[in-house]
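This report refers to the structure that appears directly beneath it.
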Amino acid sequence: MDDDGPPPGFEQPQKHWADEEPDTPPGLGIEADRLAQDLKLIAKVEPDADEPDLTLRLQEGLRDGIEEARITTQSDTIYASAATFEELPLTPEILQGLYVEMKFERPSKIQAITLPMVLTPPFKDLIAQAHNGSGKTTCFVLSMLSRVDPGINKPQALCMCPTRELVTQNLNVLNRMGKYTGIRATSTASETDGKFRKDPITEQVVIGAHGKLKTWASKRVLSLETINILVFDEADEMLKADGFADDSVRLIKEIRKRNPKVQLLLFSATFNDSVKRFAMQIAPTANQLFVAKEELSLDVIAQYNVRCPNRDAKVRVLKEMIFPNCERLGQTIIFVRSRDQAKDLHSAMEKDGYKCTSIQGGMEGSDRDRVVQEFRDGITKILISTDVLSRGFDVSQVTLVVNYDLPVERDQRTPQYETYLHRIGRSGRFGRKGVAFNLVSGFEDEKVVEAISAYFHKKIEEVQWDDEDKFIDVLQKSL
DNA sequence: AAAAAAG
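Numbers 28 to 506, taken from this note's numbering, label the letters of the first sequence in order.
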């Protein structure tokens, strides 16, 4: 379950693109050179392969979160990476949204690589892995905006997300980016508690979570006939066997039945080997971009183990070390294992006058919206959460993540590596630094952090649980 | 156990 060894194309020694034989087909050579120069990469071109395959090693790009990646294209199309947004087939209205509303200047690396693949006919499927905070949302939002016709009042783009919060966040990004396009969007989170939509959707873009999307589809509120692009955000979560896989696969099938050429985009920061295989089964002809797991550990986030002598000491660490020192620095998310734990810890802290809020999936949608909005507005600084917010949740002021409970499977001892990476990725957004504390108590916890450290080839330093000077010192680094 | 939820 560890490593498959080098992916195809990686076993042979790498060649510098400039070392290519002169008999490389001219077109291919030029495009590969251009690609290589734009991204400062080493490209190995295999023009003789049955499927044209372009495997690239990125030398630079740490800033954008891709240091080494494997890119596979599965069509005759040779894609040139985009150094600027103008080079992409984007409408003036979309460009205006990018420059004026979003204040973006240039595509990030993942955008430079994947957008040409997605926006160039014949609109092939894509499976793309890239680091937290590297700009995946922009990739699929631009894709959806580009593939819908604002003149047609029918849903044409559909994006599925694992949580209500991600639905709302993605809708906001799309509305901003598409501000000048006249494209309209709706989401399953826009529906207020108790009031249900009955009229058919006329918005061109629909963003939603499983439950309500299923309902909308079965009640004919959402027509699947005209969908030509289908996006899965946090795709590995959406395709996880014991999770959303059944619903996701059914929806893909339903849409493909009506439009076999629907373009499927799968984005995530994590794809473990089994879900990666599954994704490739679902989209066997997709262009692909993958990152080795050793490259995924986020070096911008300083990670520390805090050994606590017992469970009670975890509360003391929160009260005596973290709450007094983190509030003035930035914002903090404390992850716990269960809904009850979120409620209990919240009330335990409040009871003793420690101000914070909490969120978990058992709460009313409107309450969740309010808690998240207060946190985004900076009104609240410390948020206790279950894994509802472990993925994708983007608040740039978050500088500290606390794993009060470590992410483990139901057996309480198998680490959830992907969840760990996603959780700590909530800090250090937008190129900022971040800090993560793992509260460790007991033998089981000890084994879990050891395994996580080994899995990502990442050494995790230690902070004494009662050493306040050290806590302050570490927290300063997140500034 | 969590996530969606008109279940």
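In this text, a Cβ means the ideal position worked out from N, Cα and C, and glycines have one as well.
Per-residue DSSP class, three states only, for residue i
i	result
I328	strand
L448	helix
F498	helix
S295	strand
G461	strand
D260	strand
E321	helix
P434	coil
V289	coil
S161	coil
T359	strand
L466	strand
I282	helix
R133	coil
V302	helix
R366	helix
I406	coil
V200	helix
P143	helix
R334	strand
A107	coil
A184	strand
Span of the beta strand (DSSP E) around residue i
i	result
R97	96 to 99
L427	425 to 430
S214	212 to 214
T190	Neither: T190 is in no beta strand (DSSP E) and is coded neither H nor E.
A155	153 to 156
L345	Here L345 belongs to no beta strand (DSSP E), and DSSP marks it neither H nor E.
I228	Premise fails: I228 is in no beta strand (DSSP E) and is neither H nor E.
F317	314 to 318
L410	409 to 412
E488	488 to 491
T384	384 to 386
G235	232 to 235
Separation of residue j from residue i, as counted between CA atoms
i	j	result
T384	R395	10 Å
I451	I137	21 Å
Q387	T407	16 Å
D77	I154	Annotation note: pLDDT 38 at D77 (below 50); position unreliable, coordinate value reported separately. Near 20 Å, if we compare the C-alpha coordinates of I154 and D77.
R174	N430	40 Å
P134	V462	27 Å
F298	R304	9 Å
N352	L502	8 Å
A481	L448	13 Å
G419	Y106	28 Å
E495	V344	9 Å
G124	K497	45 Å
P148	V318	25 Å
G357	Q101	45 Å
G162	S374	36 Å
K239	K206	26 Å
E224	C188	Going by the sequence as given, residue 224 is Arg instead of Glu. About 19 Å.
F131	F112	9 Å
A310	S468	43 Å
S301	D438	19 Å
I234	W492	43 Å
E114	Q308	32 Å
Beta-carbon contacts of residue i that lie in its chain and below 6 Å, excluding the five residues immediately before and after
i	result
A272	L266
L410	I360, T384, F402
P455	What sits at residue 455 in the sequence shown is Gly, not Pro. Within the same chain, G455 has close Cβ partners V327, I328, G461.
R203	E128
M376	C383
R364	D432
V145	L153, S170
K181	T253
Cβ shell of residue i (< 8 Å), same chain only, five flanking positions each side left out
i	result
D379	K346
R247	P227
E499	A small fix is needed here, since residue 499 is Ile in this sequence, not Glu. Cβ within range, chain order: N352.
T208	T118, E120, I121, G124, L172, P177
Endpoints, the alpha helix (DSSP H) within which residue i is located
i	result
S480	469 to 482
D122	A small correction: the amino acid at residue 122 is Leu; Asp does not occupy that position in the sequence shown. Note, L122: alpha helix (DSSP H), 119 to 123.
Residues near residue i in its chain [Cβ-Cβ closer than 7 Å; skip 5 each side]
i	result
N286	I254, N255
K504	A329, K460, V462
D220	E391, G392, S393
Any non-hydrogen atom of the ligand NAP closer than 7 Å to residue i Cβ
i	result
L433	Ligands are entirely absent from the displayed structure, and the ligand NAP is therefore not among its contents.
- Message: So, does the region 192 to 203 touch the region 346 to 361, judging by three or more C-beta pairs under 8 Å?
- Response: no
- Query: So does the region 485 to 496 actually touch the region 332 to 346, counting three or more Cβ pairs closer than 8 Å?
  - Reply: yes
- contact_flag[the region 229 to 238, the region 209 to 216] where n(CB pairs < 8 Å) is 3 or more: yes
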